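Under UniProt numbering, the residues of the sequence shown are numbered 1 to 841, in order.
First the structure, in the form of structure tokens, and then the observations on it.
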Amino acid sequence: MTPPASPSTAAPSHHTPDWPRLWKGHWIWVADPGTSQGNPISPDRRERPPALALFRKPLILDRVPDRFDARLTADSRYRLRVNGRIIGRGPVRGQPRRLSFDTYDIAPYLQTGANVIALEVRYYGRANSLWMPAVGNATLGRSGVAVFEGHYTDASGAQVWVTSDDSWAAQLCAGMRDDAHDPDASLVGGGVAAESFDARGRAGDWAQLGFDDSSWPRALKITPIHMGGPGRSRPPSDPYGALLPHGLAPMSCEVIAPRSVTVQAAQGAIDTALAAPAARVEASVLQAQTLSNQSCALPAATLDKGEHHRVIVDMGRMVAGYVAFTIAAEQGARLDISYLEAPIREAAHFGAHGGTRYVARGTQDHFETFDRQGFRYVVLISDTAFTLQDLHCIEALYPWRGAHDFVSSDTGLDRLYAASKRTVALNSWDCFIDCPSREQRAWAGDSVVHVLTHLACNDDIALCWRNLELAASPRSDGILPMSVAGDVEFGEGFTIPDWSLHWLHALFETYLHSGDVARTRALMGPAEGILRWYLPFLDDSGLLTDVTEWNLVDWSAIDTTATSAALNGLWARGLREFAQMARDLGDLGRATWAQDLYAGVQRGFEGFWDAARGLYVDRLVDGVSQPATNQISTALALVAGLVPPDRQPRAAEAMTRNLVERSWLFKRPEDPADDTGARFRSVITSRFTPDWDVSRDVVRAQPFMSYVVHDALAVAGRSDLLPAQLRRWDSLIAQGYDSFNEIWTGNSHAHGWSSTPARDLVGQVLGVRPAQAGFTRARIAPCLGDLTHLRASVPTPQGPISMHLEGGTLRIDSPVPVDLVPPAQGWGTLEVICPQALSAP
Numbered sequence: 001m002t003p004p005a006s007p008s009t010a011a012p013s014h015h016t017p018d019w020p021r022l023w024k025g026h027w028i029w030v031a032d033p034g035t036s037q038g039n040p041i042s043p044d045r046r047e048r049p050p051a052l053a054l055f056r057k058p059l060i061l062d063r064v065p066d067r068f069d070a071r072l073t074a075d076s077r078y079r080l081r082v083n084g085r086i087i088g089r090g091p092v093r094g095q096p097r098r099l100s101f102d103t104y105d106i107a108p109y110l111q112t113g114a115n116v117i118a119l120e121v122r123y124y125g126r127a128n129s130l131w132m133p134a135v136g137n138a139t140l141g142r143s144g145v146a147v148f149e150g151h152y153t154d155a156s157g158a159q160v161w162v163t164s165d166d167s168w169a170a171q172l173c174a175g176m177r178d179d180a181h182d183p184d185a186s187l188v189g190g191g192v193a194a195e196s197f198d199a200r201g202r203a204g205d206w207a208q209l210g211f212d213d214s215s216w217p218r219a220l221k222i223t224p225i226h227m228g229g230p231g232r233s234r235p236p237s238d239p240y241g242a243l244l245p246h247g248l249a250p251m252s253c254e255v256i257a258p259r260s261v262t263v264q265a266a267q268g269a270i271d272t273a274l275a276a277p278a279a280r281v282e283a284s285v286l287q288a289q290t291l292s293n294q295s296c297a298l299p300a301a302t303l304d305k306g307e308h309h310r311v312i313v314d315m316g317r318m319v320a321g322y323v324a325f326t327i328a329a330e331q332g333a334r335l336d337i338s339y340l341e342a343p344i345r346e347a348a349h350f351g352a353h354g355g356t357r358y359v360a361r362g363t364q365d366h367f368e369t370f371d372r373q374g375f376r377y378v379v380l381i382s383d384t385a386f387t388l389q390d391l392h393c394i395e396a397l398y399p400w401r402g403a404h405d406f407v408s409s410d411t412g413l414d415r416l417y418a419a420s421k422r423t424v425a426l427n428s429w430d431c432f433i434d435c436p437s438r439e440q441r442a443w444a445g446d447s448v449v450h451v452l453t454h455l456a457c458n459d460d461i462a463l464c465w466r467n468l469e470l471a472a473s474p475r476s477d478g479i480l481p482m483s484v485a486g487d488v489e490f491g492e493g494f495t496i497p498d499w500s501l502h503w504l505h506a507l508f509e510t511y512l513h514s515g516d517v518a519r520t521r522a523l524m525g526p527a528e529g530i531l532r533w534y535l536p537f538l539d540d541s542g543l544l545t546d547v548t549e550w551n552l553v554d555w556s557a558i559d560t561t562a563t564s565a566a567l568n569g570l571w572a573r574g575l576r577e578f579a580q581m582a583r584d585l586g587d588l589g590r591a592t593w594a595q596d597l598y599a600g601v602q603r604g605f606e607g608f609w610d611a612a613r614g615l616y617v618d619r620l621v622d623g624v625s626q627p628a629t630n631q632i633s634t635a636l637a638l639v640a641g642l643v644p645p646d647r648q649p650r651a652a653e654a655m656t657r658n659l660v661e662r663s664w665l666f667k668r669p670e671d672p673a674d675d676t677g678a679r680f681r682s683v684i685t686s687r688f689t690p691d692w693d694v695s696r697d698v699v700r701a702q703p704f705m706s707y708v709v710h711d712a713l714a715v716a717g718r719s720d721l722l723p724a725q726l727r728r729w730d731s732l733i734a735q736g737y738d739s740f741n742e743i744w745t746g747n748s749h750a751h752g753w754s755s756t757p758a759r760d761l762v763g764q765v766l767g768v769r770p771a772q773a774g775f776t777r778a779r780i781a782p783c784l785g786d787l788t789h790l791r792a793s794v795p796t797p798q799g800p801i802s803m804h805l806e807g808g809t810l811r812i813d814s815p816v817p818v819d820l821v822p823p824a825q826g827w828g829t830l831e832v833i834c835p836q837a838l839s840a841p
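Structure follows, in structure tokens:
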């Protein structure tokens with residue numbers, strides 16, 4: 001691989017020229033007697049109470065300006081309204097010291113005369129899956145906070161600024177409750193914050209122009225107080241840093257209506273001893289007898305029988321966004337709401353957590369969740385009769401640019417391509433998340449598949465860079481947290497070290513696609529730190545041994561204790577790719593350092609080779625090979641370049657034969673129902689007992705690490721085996737879903753890491769890859785198999801590469817020169833037309 005022809009070497013700038021570095025807006029919050037001043041010397045890490053603050057600022061205009069540019073941010077999340085209409089939400093996920101701001105042109109929402117800017121700020125108080133608290137100084141970072149500034153040009157040509165200050169009306173919202181939080185929730189299932197709102201504590205028209213806020217207190221300007229403090233209440237300030245632009249496009253929003261609605265009457269009382277709304281709903285469905293069941297349309301009135309009521313809404317597919325509903329109910333009626341991927345048939349594996357609790361004001365009962373939810377079903381329960389007048393999802397996902405598709409004579413492959421894009425889309429928010437429902441976390445390793453899918457299917461790759469930069473938040477020892485910008489990073493506990501190596505691979509692939517030298521160079525420090533973290537575990541053979549922390553690799557059964565082929569393969573791939581980037585950047589010292597370490601792994605890795613079976617075993621114990629093998633071990637050897645060329649075809653075939661499906665943690669349908677505890681104990685103690693023939697069988701990778709298995713087929717020249725491998729994904733989109741499960745046996749119905757088919761079809765069936773960093777030249781090696789028709793498009797920074805197969809002719813059009821690589825058996829009778837090919841087909 002060669003570097004970009006004309007690399008950009010300028011350092012990336014976080015300064016936005018249209019805005020001053022020193023803000024004109026002030027940090028503001030509500031004068032809250034519960035928030036006292038702390039110590040200017042000692043940092044404050046205490047858990048704080050959650051809160052919801054409301055701010056209003058009137059604005060009189062002689063005329064509507066052509067533009068009214070505004071920027072703002074908040075801790076933790078805000079909703080910006082102009083004249084009652086929500087026009088923005090934010091900020092994007094990030095660490096407190098790298099807090100981002102958002103920009104808007106609010107002119108389209110203004111009118112001549114009176115206007116009002118209204119701001120809601122939700123402060124979570126306690127860390128959750130998408131937010132981590134700031135370590136506060138004596139005043140700032142100890143509560144919620146917001147800052148706003150905007151400017152327009154008036155009729156005289158003068159620039160007028162509108163800024164957050166103590167002229168804004170400000171009030172804590174009495175309607176926000178903290179009774180839905182489950183303090184005993186597990187980390188896995190309890191990270192998504194529940195929302196409890198008593199509408200009697202807030203006027204329905206509080207954000208409207210005509211609302212009287214004369215009785216509200218004024219906002220409190222907050223000046224950070226600490227040693228060396230700036231003595232001003234305007235950013236930049238500790239603990240939020242410089243405040244940075246994030247470079248992301250606005251979310252693509254679509255209103256999605258339900259597919260069906262069912263009302264039920266239930267016998268038995270709602271278990272109000274349970275804190276989480278989702279837990280109450282689960283108990284209702286599993287424990288309370290259903291007396292009647294009736295399909296209907298919206299508006300849906302509850303049935304006049306039973307002790308409590310259920311309304312079940314089916315969206316028809318997985319969706320992810322803000323849930324808005326309108327009800328008619330008497331004042332004080334309480335609804336508990338759960339957002340589900342599937343109907344409740346048994347207790348949730350990780351517990352039922354999260355959801356929404358809503359108490360009706362008796363009039364103007366319209367509500368929109370502050371946070372996004374991922375779900376197919378919504379279940380609402382109440383012990384008071386109500387009518388669900390409307391419910392819809394405002395699906396807010398990162399946009400996909402460019403009309404890129406894969407349409408062929410094999411509709412099964414087409415369906416997998418579409419499901420890949422849909423699954424990744426559901427997990428493309430302000431960063432890449434694992435799933436939109438259960439966790440919503442920014443896992444450092446999961447996102448490699450999201451990145452690869454965006455590179456293969458989306459013109460806009462800004463979210464790829466944003467995610468890489470967000471995750472580049474290493475611990476003091478250089479390794480990345482397993483999940484960032486949330487409770488996991490805030491907890492500073494153990495990590496999954498190999499997730500950092502997937503982050504490094506995502507960086508390498510994003511560099512190859514974009515050729516962005518400046519952003520790549522900025523991330524080489526964290527990349528080197530990841531590789532160096534492993535150095536203390538090197539033994540005399542050049543291999544990593546007895547690596548600490550949670551070496552997950554995959555949910556498939558693979559033992560990574562002692563000397564692991566998978567860990568060494570991942571590290572070797574990382575060293576090799578790091579060396580390539582360093583060479584391209586002209587950093588020969590780093591390149592040589594990484595290449596020397598790689599050579600050591602290459603020598604030692606021979607110990608994993610099983611010549612009789614033609615593959616690599618999973619581990620060595622005191623230098624002695626153990627027979628168990630997972631596809632992943634051989635696949636990583638191939639992609640890391642550790643397999644001699646003459647072995648590659650045999651190794652590729654061997655890793656696709658005699659496959660069995662096993663997971664240390666997750667059961668198959670035929671496994672005993674009572675072994676969950678034993679499985680969990682085996683994972684936390686690394687005491688594994690295979691129940692398959694380890695001398696013959698090969699454990700199949702789960703959907704996540706299948707991306708590596710498929711890459712390995714390409715390395716070995718066996719992309720012809722890919723379509724058969726992809727058929728396994730058909731089971732992941734069964735039962736009416738059009739997004740992929742987390743594992744072969746189920747779990748989440750929209751797990752981003754399972755979405756490798758789309759980028760596999762692009763990279764192996766179409767055979768499109770960058771031949772130079774920045775895609776200034778393309779390598780195209782089609783492996784069309786039995787396809788008789790194909791129309792496809794692949795994004796590059798220079799424009800789309802299109803491919804059209806019809807009537808025995810393959811037409812390829814590219815904006816860049818093409819290295820056209822024929823199949824091993826030649827083109828046969830296929831006529832290939834590629835005007836940009838550097839040599840004749």
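The beta carbon of each residue, even a glycine, is placed where N, CA and C say it ideally should be.
In this text the structure is predicted, and so the values were computed from the model without any measurement.
Within this structure, are the beta carbons of residue i and residue j separated by less than 7 Å?
i           : j    : result
P770        : L585 : no
L810        : V832 : yes
G542        : R603 : yes
C431        : G321 : no
T631        : M655 : Note that residue 631 is Gln in the sequence shown, not Thr. In this structure, M655 lies closer than 7 Å to Q631 by Cβ.
residue 843 : L298 : With the chain represented from 1 up to 841, any question about residue 843 goes unanswered, as that position is not in the structure.
A506        : V451 : yes
E282        : I344 : yes
For residue i and residue j, I'd like the C-alpha separation in whole angstroms.
i    : j    : result
T356 : L340 : 12 Å
A591 : R521 : 13 Å
P815 : V768 : 13 Å
D459 : R662 : 38 Å
Q440 : T262 : 28 Å
A840 : V517 : 32 Å
L523 : L504 : 9 Å
A425 : W571 : 29 Å
T423 : R376 : 13 Å
G515 : A781 : 21 Å
W27  : A385 : 44 Å
P817 : L790 : 22 Å
Q373 : A194 : 10 Å
L636 : Y598 : 14 Å
V319 : P133 : 28 Å
L732 : I530 : 33 Å
S682 : W664 : 7 Å
My assumption, with CB atoms under 8 Å, is that residue i sits in contact with residue j. Please give the rounded CB distance.
i    : j    : result
G752 : N427 : 4 Å
H353 : G493 : Contact flag wrong, Cβ pair sits at about 20 Å.
L220 : V30  : 7 Å
V379 : S338 : 5 Å
A127 : Y358 : That pair is no contact at about 25 Å.
W533 : W443 : The Cβ separation is near 18 Å, so there is no contact.
E119 : A146 : Per the sequence shown, the amino acid found at residue 119 is Leu instead of Glu. Contact holds; Cβ gap of about 6 Å.
(message) Quick check: the stretch 60-70 against the stretch 112-128, are at least 3 beta-carbon pairs closer than 8 Å?
(response) yes
(request) Starting from the N-terminal side, write out each stretch of the beta strand (DSSP E) that is 3 residues or longer and does not extend beyond the stretch 363-445. (result) 366-368, 373-382, 386-397 and 406-408
(request) Check whether the stretch 135-154 touches the stretch 212-225, taking contact to mean three or more Cβ pairs, one atom from each stretch, closer than 8 Å. (result) Three or more Cβ pairs drawn from the stretch 135-154 and the stretch 212-225 lie within less than 8 Å of each other, which places the two stretches in contact.
(message) List, from N- to C-terminal side, the alpha helix (DSSP H) runs of 4 residues or more that fit wholly inside the stretch 447-482.
(response) List check, alpha helix (DSSP H) in window: 447-457 and 462-471.
(request) Determine, using beta-carbon pairs with one atom in the stretch 557-569 and one in the stretch 535-549, whether at least three such pairs fall under 8 Å. (result) yes
(message) Contact between the stretch 178-197 and the stretch 67-75 is defined here as three or more beta-carbon pairs at a separation below 8 Å; is this criterion met?
(response) no
(message) Is it the case that the stretch 443-462 contacts the stretch 94-109, given that we only count it when at least three CB pairs across the two stretches are under 8 Å?
(response) no
(request) Identify every run of the beta strand (DSSP E) within the stretch 598-631, keeping only runs that are complete inside it and at least 3 residues long; order them along the chain. (result) 619-621
(request) List in chain order: all unbroken beta strand (DSSP E) runs of 3+ residues lying wholly within the stretch 192-222. (result) Annotation note: the stretch 192-222 contains the following uninterrupted beta strand (DSSP E) runs of length 3 or greater, listed N- to C-terminal: 195-198.
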